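Asks:
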Ligand SMILES: Nc1nc2c(ncn2[C@@H]2O[C@H](COP(=O)(O)OP(=O)(O)O)[C@@H](O)[C@H]2O)c(=O)[nH]1
Ligand SMILES: Nc1nc2c(ncn2[C@@H]2O[C@H](COP(=O)(O)OP(=O)(O)O)[C@@H](O)[C@H]2O)c(=O)[nH]1
Ligand SMILES: [Mn+2]
Ligand SMILES: [Mn+2]
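Residue numbers (my numbering), protein chains in the order written: chain A, 1 to 317; chain B, 1001 to 1317.
(1) Indicate the three-state DSSP secondary structure (helix, strand or coil) for residue 196 of chain A in the structure shown.
(2) Between residue 281 of chain A and chain B, is the shortest Cβ-Cβ distance under 8 Å, so that the two count as touching?
(3) Relative to ligand 3, what is the chain-ordered list of residues with a Cβ closer than 6 Å to any of its non-hydrogen atoms?
(4) For residue 1208 of chain B, does the three-state DSSP call read helix, strand or coil?
(5) Going by DSSP, what residue range makes up the beta strand (DSSP E) through residue 37 of chain A?
(6) Need the endpoints of the alpha helix (DSSP H) that residue 1293 of chain B sits in, please.
(7) Quick check: residue 1034 of chain B and residue 1069 of chain B, are their CB atoms within less than 8 Å of each other?
(8) To the nearest angstrom, report how far apart residue 102 of chain A and residue 229 of chain A are at their CA atoms.
(9) 8 Å is my cut-off, CB to CB: does residue 2 of chain A come that close to chain B?
(10) State the DSSP-derived secondary structure class of residue 11 of chain A, mapped to helix, strand or coil.
(11) Go ahead and label residue 1189 of chain B buried or exposed: buried means 16 or more other beta carbons lie within 10 angstroms of its beta carbon, across all protein chains shown.
(12) Mapping DSSP to helix, strand and coil, what is residue 1151 of chain B?
(13) Report the residues of the region 10-40 of chain A with a CB closer than 8 Å to any CB of chain B, ordered along the chain.
(14) For residue 1197 of chain B, collect the residues of the same chain with a Cβ closer than 6 Å to its Cβ; drop the 5 residues on either side in sequence, then sort them by chain order.
(15) Got a sec: is the Cβ-Cβ distance from residue 175 of chain A to anything in chain B below 8 Å?
(16) Using a Cβ-based criterion (distance less than 7 Å to any ligand heavy atom), does residue 1121 of chain B qualify as near ligand 2?
(17) Tell me, please, whether the CB atom of residue 1118 of chain B is closer than 8 Å to any CB atom in chain A?
(18) Taking 7 Å as the cut-off, is the beta-carbon of residue 1265 of chain B closer than that to any non-hydrogen atom of ligand 2?
(19) Counting contacts by CB-CB distance shorter than 8 Å, is residue 43 of chain A in contact with chain B?
(20) Rounded to whole angstroms, what is the Cα-Cα separation between residue 4 of chain A and residue 87 of chain A?
(21) Within 7 Å: the Cβ of residue 163 of chain A and any heavy atom of ligand 1?
(22) Chain B beta carbons: is any one of them nearer than 8 Å to that of residue 72 of chain A?
(23) Take residue 1255 of chain B and list the residues in its own chain whose beta-carbon comes closer than 6 Å to its own, dropping the five residues that flank it on each side.
(24) Enumerate in chain order the residues of its own chain whose CB-to-CB distance from residue 146 of chain A is below 8 Å, with the five nearest sequence positions on each side excluded.
(25) So that I know if they touch, is there some Cβ in chain B lying closer than 8 Å to that of residue 146 of chain A?
(26) Can you list, in chain order, the stretches of the alpha helix (DSSP H) that have 4 or more residues and sit fully within the region 258-290 of chain A?
(27) Give the list of continuous alpha helix (DSSP H) stretches no shorter than 4 residues that lie fully inside the region 161-185 of chain A.
(28) Can you tell me the Cα-Cα spacing of residue 18 of chain A and residue 235 of chain A, whole angstroms?
(29) What span of residues does the alpha helix (DSSP H) with residue 249 of chain A cover, start to end?
(30) Tell me whether residue 219 of chain A sits in a helix, a strand or coil according to DSSP, three-state version.
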């Protein structure tokens, strides 16, 4: 098709994966961060919090995947408006290195799920189909955006509305292959008549003998979900390990080892994914999606840790 | 760091995964192909064959991963020389869209493997470590190069030295999620005193009850390898299903369903990988690497087929 015209030679890019560092000092080493967000709805508070992240935006690539529902169309338009503003009108230090927006073919049988409210979404009967669809969305996003020069992937849900601005530096500082803060939710406590907070994400856990025994008796297609009374796993939930503000011995950077992780805010060394650790959309050791990811990463020799006292906040619908 | 200077706004790329087609007519639809090659040694015949592929090179991205061994260093230099020549001095139609070269951190315990000859490589005792390292190399390459606009991934080993120039079009025409030709090897037949050919790749197979039974008795860490007398699986090997040239009823495009696949020449719809299908470096249903990939893809609802009569040729050391 280029016959007769003189084109410049196509790009030949040589990357040396071993020259891409992933260290506890990403800023000094100018490491590239890929922030990945599956997004069903656009939340202004998420966007504002993202813009406040103090890691140099010129080292941050953003990747989004949105469903092809009406709600997803609306969210895509809202997201594009904010992106256009940031990338062209905002001060240069606010602008991100690059931004990729993907749309996903949603399984028509799942369309109702996307419009479900928090209560419906969390029903046990809906979990397997919903988490399996989420796993595929996360994988599509990951496989399509991770590049040879990416050092870290930060998974950040679209309804995480409040994090410390130093989130990336703070998590990287631990130099762990997989690390996650504790995801809480602010709410109005009608008893005390004040704003309060409560644990939100129950996917960050340490395994228990009970859960292992439950799993061992399950059929190959069964999945063990966390946070359901019908399925008492007796796992230790990081959500409940947070020490109170001012409690003796409270260390913001205390680590606990985790066997399962959630995806609300999850920092992963790119090499963990490159080894093949993805989000299984099928039962993997009776786990699925982000919890299955932690299991698969462990299978590949990578450990996960959580920071019970380091909090990020989920939107309250 | 950009303070005081006026930068142009960073790129915002909007991709719509649903607008990227993956069809039986990739050429008419101008579909992007990603050819991925793990390469331990540079083989001139592989490169010459690659250049002869008639699919428009401007739609082809090449990705390579080479080990950090002495041999890998040498192969990297040879590859770069050929690339530089093609991308700058060759006619425009020979030039590829873009080329990415990755180097992999090879597990030091595996260093000897890379320099092993065909016989040593194929020993059963060496298979698990070797195939696991290959799986990680393939995943690194895949995760780092697959982009949002990739339609197909063609896995092509660096020692596949002869394919029809229409390989991509011929395989795509079947419109299958995973499709592989039959990998043979040319050799000098000392009995007939003529050049002859023999089956080479035994990883393309249809499962058997015997193999399923063997697997069911294995410990969780055990892997069932194909093509070893020590482990008679009685699987149907596509390698032996090829009809002779001129044999009655021989159809170049005959399909057989496969349960395990090899990686010598393997065409995969990008969406199969995007759903999360990768090359397990750990035993997955007692399978590993490309064979484990086929199993994982099936788990995700994608089927593999082989073309017993459509041949490509492996180098003869
Ligand atoms: N692409 C995509 N994202 C989704 C879909 N459903 C939810 N999300 C997003 O995925 C993340 C987690 O989902 P959410 O429903 O908030 O999970 P929960 O907080 O655990 O109930 C959020 O960022 C959602 O906006 C979907 O169908 N497709
Ligand atoms: N990156 C990388 N590629 C390798 C390594 N070992 C082999 N390869 C390549 O991987 C492909 C398959 O390996 P090969 O040894 O030919 O397998 P076989 O033909 O099944 O014996 C070929 O393209 C090799 O050049 C390795 O350690 N690292
Ligand atoms: Mn949420
Ligand atoms: Mn080979």
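Cβ atoms here follow ideal geometry from the backbone N, Cα and C, with glycine treated the same way. Source: prediction; values computed, not measured.
Replies: Reading off the structure:
(1) The residue given as residue 196 of chain A occupies position 196 in the first chain. Note: residue 196 of chain A maps to strand in three-state DSSP.
(2) Along the first chain, one-based indexing puts residue 281 of chain A at 281. Yes, contact with chain B.
(3) A:157, A:159 and A:314
(4) One-based indexing of the second chain puts residue 1208 of chain B at position 208. Residue 1208 of chain B: coil per DSSP, three-state reduction.
(5) Locating residue 37 of chain A in the first chain gives position 37, where the first residue counts as 1. Counting along the chain, the beta strand (DSSP E) containing residue 37 of chain A begins and ends at 32-38.
(6) Walking along the second chain from the start, residue 1293 of chain B turns up at place 293. Taken as a continuous stretch (DSSP letters only), the alpha helix (DSSP H) holding residue 1293 of chain B covers 1289-1299.
(7) Stepping through the second chain from its first residue, residue 1034 of chain B is reached at position 34. Stepping through the second chain from its first residue, residue 1069 of chain B is reached at position 69. Not in contact: residue 1034 of chain B and residue 1069 of chain B (Cβ atoms no closer than 8 Å).
(8) Locating residue 102 of chain A in the first chain gives position 102, where the first residue counts as 1. Locating residue 229 of chain A in the first chain gives position 229, where the first residue counts as 1. Looking at the two C-alpha atoms, the distance is approximately 36 Å.
(9) By one-based count along the first chain, residue 2 of chain A stands at place 2. Residue placement at residue 2 of chain A is flagged as unreliable, the pLDDT there being 37, under the threshold of 50; a coordinate-derived value is accordingly withheld.
(10) Locating residue 11 of chain A in the first chain gives position 11, where the first residue counts as 1. Three-state result, residue 11 of chain A: coil.
(11) If you number the second chain from 1, residue 1189 of chain B lands on position 189. With fewer than 16 other Cβ atoms within 10 Å, it is exposed.
(12) Here residue 1151 of chain B corresponds to residue number 151 of the second chain, with the count starting at 1. Residue state, collapsed to three classes: strand.
(13) 10, 11, 12, 13, 14, 15, 16, 17 and 18
(14) Working through the second chain from its first residue, we reach residue 1197 of chain B at position 197. If we look at residue 1197 of chain B and ignore the five residues flanking it on each side, its Cβ neighbours are 1184 and 1186.
(15) As a working mapping, residue 175 of chain A is identified with position 175 in the first chain. No, because no Cβ of chain B sits closer than 8 Å to the Cβ of residue 175 of chain A.
(16) Numbered from 1 along the second chain, position 121 holds the residue referred to as residue 1121 of chain B. Yes, Cβ of residue 1121 of chain B sits closer than 7 Å to a heavy atom of ligand 2.
(17) Taking the second chain and counting its residues from 1, the one referred to as residue 1118 of chain B is at position 118. By this cut-off, residue 1118 of chain B is not an interface position.
(18) Counting from 1 along the second chain, the entry for residue 1265 of chain B is found at position 265. Not so, every heavy atom of ligand 2 lies at least 7 Å from the Cβ.
(19) Position 43 of the first chain, counted from the start, is the residue given in the question as residue 43 of chain A. False, the Cβ-Cβ gap to chain B never drops below 8 Å.
(20) Position 4 of the first chain, counted from the start, is the residue given in the question as residue 4 of chain A. Position 87 of the first chain, counted from the start, is the residue given in the question as residue 87 of chain A. Low local confidence applies: a pLDDT of 42 at residue 4 of chain A is under 50, so the model's placement there is unreliable, with the coordinate-based value given in what follows. Taking the straight line from one Cα to the other gives about 37 Å.
(21) Reading the first chain from its first residue, position 163 is the one you call residue 163 of chain A. Checking the Cβ of residue 163 of chain A against ligand 1 gives no.
(22) Position 72 of the first chain, counted from the start, is the residue given in the question as residue 72 of chain A. It does not; no Cβ of chain B falls within 8 Å.
(23) Here the question's residue 1255 of chain B lines up with position 255 in the second chain. These residues qualify, in order along the chain: 1305.
(24) Along the first chain, read from residue 1 onward, the residue named residue 146 of chain A stands at position 146. Closer than 8 Å at the Cβ level, and outside the excluded window around residue 146 of chain A, lie 34, 153, 270, 273 and 274.
(25) Residue numbering aside, residue 146 of chain A sits at position 146 when the first chain is read from its first letter. It does; some Cβ of chain B falls within 8 Å.
(26) 270-274
(27) 167-172
(28) Position 18 of the first chain, counting from 1, holds the residue named residue 18 of chain A. Position 235 of the first chain, counting from 1, holds the residue named residue 235 of chain A. Answer to the nearest angstrom: the Cα atoms are 38 Å apart.
(29) In the first chain, counting from the first residue as 1, residue 249 of chain A sits at position 249. Where residue 249 of chain A is concerned, there is no enclosing alpha helix (DSSP H), given that its DSSP letter is neither H nor E.
(30) Locating residue 219 of chain A in the first chain gives position 219, where the first residue counts as 1. Residue 219 of chain A falls in the coil class under three-state DSSP.
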